[in-house]
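Inspection log for the structure reproduced underneath, given as structure tokens.
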Amino acid sequence: MQEEKIEKIEDKITVDIPEVIQVKELAEKLKKPVVEVISELVKNGVMATINEDIDFETAAIISENFGVEAIKSEAEEKRHVVRKELNRDEENCVPRPPIVIVMGHVDHGKTSLLDAVRKADVVSSESGGITQHVGAYQVEHNGKKITFLDTPGHEAFSTMRARGAQITDVGILVVAADDGVKPQTIESINHLKSANIPFIVAINKIDKPEADIERVKTELTEHKVVPEEWGGDTVFVPVSAKTQEGLDQLLEMVLLVSEIKNPKADPDGQLWATVIETHLDKGKGPIATIVIQNGTLKVGNFIVCGGSYGKIKAMENYLLKKVDKAIPGDPVRILGLKDVPQVGEIIEGVSSEQNARAEVAKYDRFEALKSMNDRKSIGVKGISEKIKLGNVKELKIVLKADVRGSLEAISESLKKLANDDVAVNIIREGVGEISESDISLASDAIIMGFRVGTSYTGQRAAKQSGTEVRLYDIIYDVVDDIKLALEDLMPKEIIETESGKARILKVFKHGKKDIILGAKLLSGKVTKDMIVKKTVDESDARGEILGLKIVKDEVAEVSGDRDFGLNVKNFTTLEEGDQITFLIREEKKKKL
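First residue of the sequence shown? That's 22 in our numbering, and the numbers climb one at a time after it.
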């Protein structure tokens, strides 16, 4: 066994401890008998056996009790967080193709621009057209390759960033020349800036008669995206996905801007890749689209990815042609993982299946402990707790999608809709068609499918049980529908509008729950079923008008400067001389 490293710094002994460690491993690091470590844990109120996991904070306390300072081990960071400095030999590094992400408002032509770039490329066009979604692809411009990511949306981008997957070198912000800056445009700007990704603005749809390039520049300048020609540092390129005007200049600018980062990789170094898209194929099993960032991936290699591992059985390039290897910058679809990985997960190469299993075991232990700690950290004010207390109405959903990236994008978007009144509870989510088991689980839930169908047995079960199944092709339609459903669950907002004022002249009869009054109308009008309150009263006391009379006649409305009688329910504290206000009460649907 490798000798554990214990250093003495300024008369203080230190030891590297990972985020999660077994009790016996801690004893080995501290060079203490296991029984002594367990005894110290018990003294601190922790009952743990030799093979149980403890977190870093607990291990640090025990270490301190033995006169050793625990330092969180940087070498054992989670595998799905990209290391700041990847171990590679800089002398062996060579330039790799820049990796580009295209973002923008949903209707501004992002997809059509990507298609136009791909069709303009000779290699891609010669393939006869790609009809299947591949998640990422390459084009060649002036002899240099560029890798484009076709992500399902901003949420997937955020998920990748949250996992540390800083995969992109350059961004393209697409803004329609005939529409200008929209909320999603601003959201895209914020994503790109917070990720420190240099980006180019592609002003699309310049072929339209109503195109106004100067307007787009002005609006973007208001959001601190200033064109170079106006003294800023952002490249603006007018383009048309329809006519392909400006595409060459756009690709040229991508190569130019990417030189700032000067992306390099070591083809012979450690394998390092990021998952861009995933889905479950009925015949082939889990399939992932990945982009190689370092090293070379070959058929037959063992890899680990989050809590899964596998041996590469086959690979396809972005043209869906089989390949034996992939080098840095290459997007490929891989077959061989045991499970469907998550978008943004990092793939690493390992030398054997035994090593792969060991890495996955470490990952699973970490995730289990992290999940436990996350549950502990949820406060009473958290949404989950509010649901348990019955203070929040929840909308139960079963969510199925064609690929993992779309699933995560939708899931994150739906969770963000929660507020103090309502929340989405996704009771099951997964990749693949809607099954009979999904239907049976959703007795009081909505089933939502994104770009998937429903199995024959699932359709039959849904019909028999009357379970609602909704199918979608656009992510924003999913979010909009759930938003409307949540708004129906929210308590209505009470709007009170003043209708008139009166002074009480006489109290005729006092009952337990109602009171009959004589009054003089001072302004406005009053009708039956209106609400009445004291004009000068800080309390929320209200009463409901049950009836109105002029002399002895029942009337529906009183207006003008005249005396009248009224019967008021649930407001028996009114007295002679009080001024009262009449209110029209309406219930208004709250908006998310």
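From the three backbone atoms N, C-alpha and C, an ideal C-beta is built for every residue, glycine too.
Proximity winner among the options, relative to residue i (alpha-carbon distances)
i      : options                           : result
THR478 : GLU454, LEU492 and ILE467         : GLU454
GLN270 : GLU578, LEU510, GLU608 and ASN163 : ASN163
VAL258 : VAL237, LYS609 and GLU243         : VAL237
ASN591 : LYS534, VAL547 and ASP558         : LYS534
PHE87  : LEU276, ASP76, LYS52 and CYS114   : LYS52
GLU266 : ALA422, GLU608, LEU134 and LEU595 : LEU134
GLU607 : LYS343, MET274, ILE516 and ASP584 : ILE516
MET336 : THR189, VAL353 and ASN322         : VAL353
VAL419 : GLU249, ASP385 and GLU457         : GLU457
ASP289 : ALA347, ALA232 and LEU194         : ALA347
SER215 : ASN588, THR189 and THR79          : THR189
VAL572 : ALA562, ASP584 and ARG563         : ASP584
ILE71  : ASP233, GLU78, ALA81 and SER60    : SER60
VAL127 : PHE77, ASP200 and ILE92           : ASP200
ILE536 : SER84, ASP302 and LEU595          : LEU595
GLU368 : GLY331, LYS343 and GLU450         : Rather than Glu, the amino acid found at residue 368 in this sequence is Ile. Residue GLY331 is the option with its Cα nearest to ILE368.
ILE281 : ASP254, VAL260 and ASP302         : ASP254
GLY304 : LEU356, ASN338 and LEU340         : LEU356
Between the CA atoms of residue j and residue i - distance to the nearest angstrom
i      : j      : result
GLU433 : GLU243 : 29 Å
THR132 : ASN225 : 11 Å
LEU507 : LEU604 : 29 Å
GLU597 : LYS527 : 5 Å
GLU415 : ASP509 : 11 Å
ASN65  : ALA382 : 28 Å
ILE324 : ILE311 : 12 Å
GLU565 : LYS522 : 15 Å
VAL2   : LYS421 : No answer is possible for residue 2: the residues shown for the chain start at 22 and end at 613.
GLU235 : GLU250 : 12 Å
ILE333 : GLU514 : 57 Å
ILE313 : ALA294 : 4 Å
VAL196 : VAL202 : 7 Å
ALA81  : THR239 : 55 Å
LEU462 : SER476 : 15 Å
ASP561 : VAL553 : 11 Å
ILE194 : LEU241 : The question names Ile, yet the displayed sequence has Leu at residue 194. If I take the Cα positions, the gap works out to 11 Å.
VAL138 : VAL123 : 12 Å
ILE297 : ILE467 : 28 Å
LYS54  : ALA48  : Before going further, note that residue 54 is Pro rather than Lys in the sequence given. Whole-angstrom Cα-Cα distance: 6 Å.
MET469 : LEU435 : 12 Å
LEU62  : SER486 : 53 Å
LYS504 : GLN205 : 17 Å
ALA186 : ALA377 : Residue confidence is low: ALA186 scores 49 on pLDDT, short of 50, so the model does not pin down where it sits. Its coordinate-derived value is still stated next. Rounded to whole angstroms, ALA186 to ALA377 spans 21 Å at the Cα level.
LEU428 : HIS300 : 10 Å
Neighbourhood of residue i by C-beta, 8 Å cutoff - its chain only, sequence neighbours within 5 removed
i      : result
ASN217 : none
ASP465 : LYS417
VAL56  : none
ASP494 : PHE471 and ARG472
GLY130 : VAL195, ALA197, ASN225, LYS226 and ALA262
MET274 : ILE221, VAL256 and VAL258
GLU374 : PHE323, TYR330 and LYS332
Beta-carbon separation (whole angstroms), residue i vs residue j, contact threshold 8 Å
i      : j      : result
ILE431 : VAL490 : Contact flag wrong, Cβ pair sits at about 16 Å.
LYS50  : VAL36  : 5 Å
TYR525 : ILE601 : Reading off the sequence shown, one finds Ile at residue 525, where the question assumed Tyr. Indeed, because the Cβ distance is near 7 Å, the residues count as touching under 8 Å.
VAL246 : ILE210 : 6 Å
ASP582 : LEU542 : 6 Å
ASN446 : ASP287 : The pair is not a contact, with the Cβ atoms about 46 Å apart (cut-off 8 Å).
GLY316 : GLU366 : Contact flag wrong, Cβ pair sits at about 16 Å.
LEU268 : ALA309 : Contact flag wrong, Cβ pair sits at about 30 Å.
ASN322 : GLY252 : Actually they do not touch by this definition, with Cβ atoms about 50 Å apart.
GLY426 : VAL364 : 4 Å
Same chain only: Cβ atoms within 6 Å of residue i, ignoring 5 sequence neighbours per side
i      : result
MET511 : ASP442, VAL443 and LYS611
LYS166 : PRO118 and GLN159
ASP345 : VAL320
GLY350 : ARG117, PRO118 and THR168
GLY149 : With a pLDDT of 39 at GLY149, under the threshold of 50, the modelled position of this residue cannot be trusted; read the value that follows with caution. Hits under 6 Å: none found.
ILE460 : GLY479, ALA482, ALA483 and THR488
LEU318 : LEU292 and ALA347
beta-carbon residue i near the ligand FAD non-hydrogen atom, thresh 7 Å
i      : result
PRO116 : For the structure depicted, the ligand FAD is absent and the ligand set is empty, with no information on it obtainable.
Cβ shell of residue i (< 7 Å), same chain only, five flanking positions each side left out
i      : result
THR264 : ASP228
VAL278 : VAL191, PRO219, ILE221 and VAL256
LYS546 : SER520, GLY521, GLU578, VAL579 and SER580
SER544 : GLY521 and LYS522
ASP599 : ILE525 and LYS555
| query | Which runs of the beta strand (DSSP E), 3 residues or longer, sit entirely within the stretch 258-331? | reply | 293-302, 306-315 and 323-326
| field | Inside the stretch 214-243 only - beta strand (DSSP E) runs reaching at least 3 residues | value | 220-225
| task | Please specify which runs of the beta strand (DSSP E), each continuous and at least 3 residues long, are wholly inside the stretch 35-62, giving them in chain order. | result | 41-43
| said: Suppose only complete runs of 3+ residues qualify. What are the beta strand (DSSP E) ranges in the stretch 418-505, listed by chain order? | reply: 443-452, 467-471 and 490-493
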